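Chemist: Mapping of the sequence shown onto UniProt numbering: position 104 corresponds to residue 104, and the numbering continues sequentially without gaps.
No residue lacks a Cβ here, since even glycine has one placed at the ideal position from N, Cα and C.
Fair warning: this is a prediction, and the values are worked out from it, not measured in the lab.
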Amino acid sequence: MSKAGSLAERKLESSMDHSNSAKFRAGRLRLKMRMLSHLATSTIASQPSYVAYENTYKMVSDEGKQFSVKKAEEVILGVFGHYLTGKTYDPKVFPRLSKNLTELIRDRVKALGIERYKLLTTVTLLENKSQGVQLASRALWNQQLDTFASASFQGPNYFAVGTVYAIYHD
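#1: How many angstroms separate the CA atom of Thr121 from the CA atom of Asp90?
#2: So, with DSSP's three-state summary, where would you put Thr88?
#3: Alpha carbon to alpha carbon, how far is Gly81 from Ser49?
#4: My understanding is that Val69 touches Ile105, with C-beta atoms under 8 angstroms, so please give their C-beta distance in whole angstroms.
#5: Based on the DSSP output, what are the partners of Val164 in its beta bridges?
#6: Taking only three categories from DSSP, how would you classify Glu115?
#7: So, helix, strand or coil for Tyr83, using DSSP?
#8: Are Tyr117 and Phe148 close, meaning C-beta to C-beta below 8 angstroms?
#9: Quick check: what's the CA-CA separation for Val51 versus Asp170?
Right, dumping it as structure tokens:
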């Protein structure tokens, strides 16, 4: 009997251990779930929220905040005059200079206080070897609202052409 009693006791103990281990595992699982849900809420809370603005349904820009072709051309010529006067064409320097002039013109035109326009700026620097050159662009746009400004500059052995496209964005 002692063997049977001990066997029954062992079965009882093992079933108790089993139920305890099941409870222990369930408790650990609950703890992990709480930790994960806490992490998820703190991650979501720390992410910046997206603010959606209502559409104003304006079909034209406010007076004085519209794109001015004349002012943009003055900006282009001013930048070209300041940064290109006295320079000669250097094929190693001019590609980087073209990129820098493009960014500078874009930033200065934006500083004019233009609202509701997306700007696309290009600067083309060409070595002048008495060749013929034509620059052209094509776009699908609204003739009443979209426009562009372009200006050119001639150096001792190069041409510079800068263009700013202003696309109205409601």
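Modeler: Short version:
#1: Those two C-alpha atoms are separated by around 22 angstroms.
#2: The answer is coil: DSSP assigns Thr88 none of H, G, I, E or B.
#3: 45 angstroms
#4: Val69 to Ile105, Cβ: 14 angstroms. No contact.
#5: Thr121 and Ala149
#6: Coil.
#7: helix
#8: Cβ atoms of Tyr117 and Phe148: not closer than 8 angstroms.
#9: 17 angstroms
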